[in-house]
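One structure is given here, and the rest of the page talks about it.
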Amino acid sequence: KQEVTQIPAALSVPEGENLVLNCSFTDSAIYNLQWFRQDPGKGLTSLLLIQSSQREQTSGRLNASLDKSSGRSTLYIAASQPGDSATYLCAVPMNRDDKIIFGKGTRLHILP
Amino acid sequence: NAGVMQNPRHLVRRRGQEARLRCSPMKGHSHVYWYRQLPEEGLKFMVYLQKENIIDESGMPKERFSAEFPKEGPSILRIQQVVRGDSAAYFCASSPDLRRNEQFFGPGTRLTVL
């Protein structure tokens, strides 16, 4: 059974700092890994999707890495801004099933 | 190409009433997934449907919940005789045939049971 864990559960950092969010998964037989952003009371915004054959993906100030063998992914946010404040979700679909397994998220607060 | 659409965005029901949540997938997508996010919890898979077929309902509660995705029209998640514990955000996602593991999410329906 796949389990996805995100650490830390909450994080507050001053504006301008670089930061790393962590995600771990128990079953390395993943098809891809996706990072989402969720603002309070809102839906999900897809940030980055890493295929199982890839090691990382970049979009603007965001960089996501994937290490299947160790069951880990990191989301790196450079030069954080108050607008980055949100909950960040790590999600993994399985090969056999199409459903996505989500972590509980990291609540990020960027202090102005 | 419009994204995944869900309505209503907010739904208030009294205990014992029925709730019907609608999801229109992206154009060209024939796979629909429903997820539930309870307060302070992560998103949990409920059901996966293709047109006119339920593929995987392993996350659906055994009673009061049902889902359909008819040949024409939106997918419907139906909750009968709602209880306060059903209060949650319900998200729908859709995916295309060739990339079924890349799911696009709707804005969600927030159900409040009084």
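From first to last, the protein sequence lines stand for chains A and B.
Heads up: the first sequence begins at 532 in this note's numbering, then just goes up one per residue.
Heads up: the second sequence begins at 155 in this note's numbering, then just goes up one per residue.
C-beta: ideal position from N, C-alpha, C; glycine also.
Model, not experiment: these values are computed from the prediction.
If you draw a 10 Å sphere on the C-beta of B:G182, you find fewer than 16 other C-beta atoms in it, and that means exposed. Within the same chain, Cβ atoms closer than 7 Å to the Cβ of B:S241 are found at L265, T266 and V267, the five residues on either side in sequence being excluded. Taking a Cβ-Cβ cut-off of 8 Å, the neighbours of B:F245 in chain A comprise G574 and L575, given in sequence order. When secondary structure is reduced to three states using DSSP, A:P545 falls in the strand class. Residue environment: A:K630 is assigned as buried (16 or more neighbouring CB atoms within 10 Å of its CB, all protein chains considered).
Contact of B:G182 with chain A is not assigned, every C-beta pair being separated by 8 Å or more. Under the Cβ criterion of 8 Å, A:G591 is not counted among the residues facing chain B. Contact note: A:D629 reaches chain B through H185, Y187, Y202, I209, D210, S249, R254, N255 and Q257, using a C-beta cutoff of 9 Å and chain order. Non-local beta-carbon contacts of B:L165 in its own chain, meaning distances under 8 Å to residues more than five positions away in sequence, involve A173, L175, T263, R264, L265 and T266 in chain order. Closest in alpha carbon position to A:N563, among A:I641, A:T605 and A:K599, is A:K599. Contacts between B:P261 and chain A, judged by CB atoms closer than 8 Å, involve K573 and G574 in chain order. Relative to the Cα of A:S583, the nearest Cα in the group A:G591, A:R592 and A:A560 belongs to A:A560. What B:F199 touches in chain A, judged by beta-carbon distance under 7 Å, is K630 and I631, going in chain order.
Residue pairing of B:Q191 in beta bridges, as defined by DSSP: B:L197 and B:A243. Judged by pairs of C-beta atoms under 8 Å, the region 605-612 of chain A touches the region 533-548 of chain A, as three or more such pairs exist. Beyond the five residues adjoining it in sequence on each side, A:S555 comes within less than 7 Å, by CB distance, of T536, G602 and R603 in the same chain, given in chain order.
A:G591 is positioned such that its CB atom lies no closer than 8 Å to that of A:Y619. Exposed is the label assigned to A:H640, since fewer than 16 other Cβ atoms lie within 10 Å of its Cβ. Distance from the CA atom of B:E211 to the CA atom of B:Q171, rounded to whole angstroms, is 23 Å. Residue-level contact by beta carbon fails for A:K599 and chain B, as no gap is shorter than 8 Å. When beta bridges are read from the DSSP output, A:Q537 appears opposite A:C554.
Secondary structure at B:R238: helix, using DSSP grouped into helix, strand and coil. By the Cβ neighbour-count rule, B:P162 is exposed, with fewer than 16 other Cβ atoms within 10 Å of its own.
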